[in-house]
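Peer 1:
In UniProt numbering, the protein residues as written are 1 to 886.
1) Measuring CA to CA, which of 186, 211 and 148 is closest to residue 241?
2) Grab the span of the beta strand (DSSP E) containing residue 23 for me, first residue to last.
3) Kindly give me the distance between the Cβ atoms of residue 510 and residue 491, rounded to whole angstroms, as I take these residues to be in contact under 8 Å.
4) To the nearest angstrom, how far is the alpha carbon of residue 688 from that of residue 594?
5) Could you tell me the distance, in whole angstroms, from the CA atom of residue 108 to the CA atom of residue 202?
6) My output table needs one value for residue 10: the three-state DSSP class, helix, strand or coil.
7) Pull up the distance between the alpha-carbon of residue 263 and that of residue 332, whole angstroms please.
8) Comparing alpha-carbon positions, which option in 520, 361, 367 and 133 lies nearest residue 339?
9) Measuring straight from C-alpha to C-alpha, what distance separates residue 649 and residue 545?
10) Following the continuous alpha helix (DSSP H) through residue 648, name the residue where it begins and the one where it ends.
11) Nearest to residue 220 by alpha carbon, out of 190, 438 and 549?
12) Can you tell me which of the three DSSP states residue 37 falls into?
13) Compare the Cα-Cα distances from residue 530 to each of 507, 513, 555 and 516 and report the closest residue.
14) What first and last residue would you give for the beta strand (DSSP E) that runs through residue 685?
15) Relative to the alpha-carbon of residue 359, which residue among 374, 20, 179 and 416 has its alpha-carbon at the smallest distance?
16) Which residues does DSSP list as the beta-bridge partners of residue 207?
17) Only counting the same chain, and skipping five residues up and downstream in sequence, which positions put a Cβ closer than 7 Å to that of residue 627?
18) For the putative contact between residue 88 and residue 115, defined by C-beta atoms under 8 Å, what is the C-beta separation to the nearest angstrom?
19) Taking all protein chains shown into account, do 16 or more other C-beta atoms lie within 10 angstroms of the C-beta of residue 787, making it buried, or fewer, making it exposed?
20) Going by C-alpha distance, which of 447, 102 and 707 is nearest residue 420?
21) By DSSP, does residue 142 sit in helix, in strand, or in coil?
22) So, for residue 550: in the same chain, excluding its five sequence neighbours on each side, which residues have a beta-carbon less than 8 Å away from its beta-carbon?
23) Compute the Euclidean distance between the alpha carbons of residue 212 and residue 139, then round it to the nearest angstrom.
24) For residue 239, collect the residues of the same chain with a Cβ closer than 6 Å to its Cβ; drop the 5 residues on either side in sequence, then sort them by chain order.
25) So, helix, strand or coil for residue 879, using DSSP?
26) Measuring only the C-alpha atoms, how far is residue 214 from residue 208?
27) Going by DSSP, what residues sit across from residue 132 in a beta bridge?
28) What separation, rounded to the nearest whole angstrom, lies between the Cα atoms of residue 269 and residue 289?
29) What are the uninterrupted segments assigned as beta strand (DSSP E) that are 3 or more residues long and contained completely in the stretch 352–382, given in chain order?
30) To the nearest angstrom, how far is the alpha carbon of residue 424 from that of residue 455?
31) Alpha carbon to alpha carbon, how far is residue 432 from residue 475?
32) Let me know if residue 859 comes out buried or exposed under the rule of 16 or more other beta-carbons within 10 Å of its beta-carbon.
33) Along the beta strand (DSSP E) that carries residue 296, what are the first and last residues, could you check?
34) Does DSSP put residue 727 in a helix, in a strand, or in coil?
35) Closer than 8 Å is the cut-off here; do at least three beta carbon pairs connect the stretch 221–228 with the stretch 243–257?
36) Does the stretch 666–677 come within contact of the stretch 707–720, defined as at least 3 CB pairs closer than 8 Å?
And the structure:
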């Protein structure tokens, strides 16, 4: 480990004894970590996490000690420490004295030739007898010394009697020396190969020393002022990190000309360390910072790059010029901060800044952090979870190289729209022959109402009730043409209430209003409305049934419905309505009581009766009808069904107010993405905008795509790449493309083919061909135009064999002959308007030599040959693209 810079405390995990660590500053203290429940009572301990505590095993003074590292020697019963002193002397010690010292290493000393400051010591974790030391500059000595703590400095081939040299520590000499007249700030071991050292030298160099051959030491050098704390990634031996001032750098040891990443930091960085249990995870600590900064390096890898990297690792000397796709594409980094805090702060107030940290050598993403006040925290870094939510479900990475999938049951509880769409697709939702059959499969009230309305509008168009509509599924707004659109004038008809002959209301009639009422499920006259009232009562909605009866001026029937209701409060309302009067006091009391009722239809019923009551004494029968009542309060009850509100407006509002209400309501529903608004828009551009808002709000692209395929005209199925002034014309194609991708991902081929069939039928004759065979003379399609059969009436007078011919042998545009078949030498033909030609007569050709013929002839030819049937061609057509194996 290198010397501390500015911090007063340093923490180091023991690499072999995983439950022990040291903290050193003015003292060196050895701790043992245990679970709180396992610590004996009356034993002093420091709580380092919610369930762990650390007890002191041993301690000694650190006077004169400048750097410390813990050995990975497995034979030692207690952690073996290397202490670097201010004089350059390195001593080996064990804080807790064991009964036996199997290797006899405790107490050994290693002295440089000239006394100077020791900056860093580092044990090798591969050859655990090797200890590297980084020292200050001396003009006559090297700054990096490699000691063999077992055998002394004598190389194995220079003396056979090695044991005699080990007996006197003062006689030990370094195994290797590097960096003459230089300063080494820190030294660490690299994983590139055995005996490879990494050092920060002379304030501006990062040097890699290959010590496998001591007589010819290889050196790689990178020049940078951000050279301090150089260390290598345990999982990627070519990846090196360094620090300097407010910057962290990541290098590729194979290409040291420039760093892979230069990461500016908000504070001066004084410690970095790679995670030994997680690939590409680097941790840094800034000066006076209370948080640690995680740098997750995202490498761009490839199989070729991995193979080349493995080849380099097996080679003797890593070539610097090796540069793989991984380096060319460059890595990226995700940075985040973690804030380990001691369980028990030493004093109230702001948490003290962190002094040091150390990753645990074996436990994944676990670290120890110590603050300047001496507080210790055992902290586990939470895994960065990445989530992919696709058509197949939700998948996320939970660390440790695992992928987890959310089961169907959990997705059902989350109401995941992708799960709902997949379940619907498996039931052929949206693909049933009759539109109303899809309503039950939707399992959603809004979608059920959508499909029922589409079925109703289609039947009205097919039955001739609605004519001259530009859309296959018209809406109320397209049926009610305003005055500016060549509209109409409605007839105002005073009508008496059958149960109250002295009271009358004004209703408005026109052919357009009649068609709009048909779309709403209403109709003129009580004969058409009675069935709807009975159906509403049978469905368990007596309030709606009573309101519909009252809106059709049948108050007695409304009272009977309320009297038959099971709820007592409804019968009380029936009693209140039984005393219907024209008195102003009664009318005001009725209007005041309406807001207190719980049901929207009851409120609308009372408001309608209050608004329709005359303001004065009843007028004479011959008098003109009074000014229409203010029914805005009735239409403001948005909890009523949209079809009932619109139908009510079509009956009782004059033309200007009706069109204003329909326009305003349409705009509001489009903005909200409310599917009930399809009643007003129909399958028109406004309906497309409404469906787009529905998709944006719910993500249900399935329903939008199916409605587009089944109901939209071909003008609204425009390809998004085609120019269009109205962006709404490209929405439907986007829905269809997205839903096709989902069906492909789910491998639901039957719904996919059915969707394409419906979409092609909706496109109709206006759908353009995307692929066509062009004439080699004029460049136009050789397919016969759709009017070709009718244009040439002479075919009708030919004998029967010729009349049944559906093929022509010349271009229908320039009359030039088509190419000949390479097998039978007859001219190829293109299908006429009738279509349906057998596959054997289709065009077929080789994409390489462009020779072809009739498909059936070529199949027979290539059963026995591999070369092209044209005599002058040597192309092996059948071997270029062999058919897939069954």
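We treat Cβ as the ideally placed atom computed from N, Cα and C, and that holds for glycine.
Peer 2: In short:
1) Numbered from 1 along the chain shown, position 241 holds the residue referred to as residue 241. Ranking 186, 211 and 148 by Cα distance to residue 241 puts 186 first.
2) Taking the first residue of the chain shown as position 1, residue 23 is located at position 23. Residue 23 -> beta strand (DSSP E) spans 20–24.
3) On the chain shown, position 510 is the one that residue 510 refers to. On the chain shown, position 491 is the one that residue 491 refers to. Indeed they touch by this definition, with Cβ atoms about 7 Å apart.
4) The residue given as residue 688 occupies position 688 in the chain shown. The residue given as residue 594 occupies position 594 in the chain shown. Rounded to whole angstroms, the gap between the alpha carbons of residue 688 and residue 594 is 38 Å.
5) For the purposes of this step, residue 108 is identified with residue 108 of the chain shown, where counting begins at 1. For the purposes of this step, residue 202 is identified with residue 202 of the chain shown, where counting begins at 1. Here the C-alpha atom of residue 108 lies approximately 30 Å from the C-alpha atom of residue 202.
6) Taking the chain shown and counting its residues from 1, one reaches residue 10 at position 10. Three-state result, residue 10: strand.
7) Translated into the one-based positions of the chain shown, residue 263 becomes position 263. Translated into the one-based positions of the chain shown, residue 332 becomes position 332. In this structure, the straight-line span from the alpha carbon of residue 263 to that of residue 332 is close to 10 Å.
8) Mapped onto the chain shown, residue 339 falls at position 339. For residue 339, the nearest C-alpha among the options comes from 367.
9) To locate residue 649, count along the chain shown from 1; it is residue 649. To locate residue 545, count along the chain shown from 1; it is residue 545. Residue 649 and residue 545 have their C-alpha atoms roughly 18 Å apart.
10) One-based indexing of the chain shown puts residue 648 at position 648. Where residue 648 is concerned, the enclosing alpha helix (DSSP H) stretches over 642–652.
11) One-based indexing of the chain shown puts residue 220 at position 220. The closest CA to that of residue 220, considering only 190, 438 and 549, is found on 190.
12) Taking the first residue of the chain shown as 1, we reach residue 37 at position 37. Here residue 37 sits in helix by DSSP.
13) Looking up residue 530 in the chain shown gives position 530. In terms of CA proximity to residue 530, 555 leads the group 507, 513, 555 and 516.
14) Indexing the chain shown from 1 puts residue 685 at position 685. Note, residue 685: premise wrong, no beta strand (DSSP E); alpha helix (DSSP H) at 685–698.
15) Reading the chain shown from its first residue, position 359 is the one you call residue 359. Taking each of 374, 20, 179 and 416 in turn and checking the Cα distance to residue 359, the smallest one comes out for 20.
16) Along the chain shown, read from residue 1 onward, the residue named residue 207 stands at position 207. Looking at the DSSP output, residue 207 sits in a beta bridge with 199 and 221.
17) On the chain shown, residue 627 is found 627 positions in, with the first residue counted as 1. Bear in mind that a pLDDT of 49 at residue 627, under 50, signals an unreliable position, so the model cannot answer this.
18) Taking the first residue of the chain shown as 1, we reach residue 88 at position 88. Taking the first residue of the chain shown as 1, we reach residue 115 at position 115. 5 Å between Cβ atoms; contact.
19) For this step, residue 787 is matched to residue 787 along the chain shown. For residue 787, the predicted model reports a pLDDT of 47, less than 50, meaning its position is unreliable; a value from the coordinates is still stated below. Exposed.
20) Here the question's residue 420 lines up with position 420 in the chain shown. Here the closest residue by C-alpha is 447.
21) In the chain shown, counting from the first residue as 1, residue 142 sits at position 142. If DSSP states are grouped into helix, strand and coil, residue 142 belongs with the strands.
22) The residue labelled residue 550 in the question sits at position 550 within the chain shown. So the qualifying residues of the chain are 558, 605, 608 and 609.
23) On the chain shown, position 212 is the one that residue 212 refers to. On the chain shown, position 139 is the one that residue 139 refers to. If I take the Cα positions, the gap works out to 26 Å.
24) As a working note, residue 239 is residue 239 in the chain shown. These residues qualify, in order along the chain: 233.
25) Here residue 879 refers to the residue found at position 879 of the chain shown. In this structure, residue 879 counts as helix in the three-state DSSP scheme.
26) Along the chain shown, one-based indexing puts residue 214 at 214. Along the chain shown, one-based indexing puts residue 208 at 208. Pairing residue 214 with residue 208, the inter-Cα distance amounts to about 14 Å.
27) By one-based count along the chain shown, residue 132 stands at place 132. According to DSSP, residue 132 bridges with 122 and 146.
28) Within the chain shown, residue 269 is the residue found at index 269, counting from 1. Within the chain shown, residue 289 is the residue found at index 289, counting from 1. Per the coordinates, the alpha-carbon of residue 269 lies some 10 Å from the alpha-carbon of residue 289.
29) Counting only runs of 3 or more, we get 354–359, 366–371 and 376–380.
30) As a working note, residue 424 is residue 424 in the chain shown. As a working note, residue 455 is residue 455 in the chain shown. Straight-line Cα distance between these residues: approximately 19 Å.
31) Residue mapping note: residue 432 aligns to position 432 of the chain shown, counting from 1. Residue mapping note: residue 475 aligns to position 475 of the chain shown, counting from 1. Computed Cα separation, rounded: 22 Å.
32) Working through the chain shown from its first residue, we reach residue 859 at position 859. With fewer than 16 Cβ atoms within 10 Å of its Cβ, residue 859 is classed as exposed.
33) Here residue 296 refers to the residue found at position 296 of the chain shown. Element bounds for residue 296: 292–298.
34) Locating residue 727 in the chain shown gives position 727, counting from the first residue. Here DSSP, grouped into helix, strand and coil, assigns residue 727 to helix.
35) For the pair of segments examined, the stretch 221–228 was found to touch the stretch 243–257: the number of CB pairs separated by less than 8 Å reaches three.
36) Counting C-beta pairs closer than 8 Å gives fewer than three between the stretch 666–677 and the stretch 707–720, which falls short of the contact rule.
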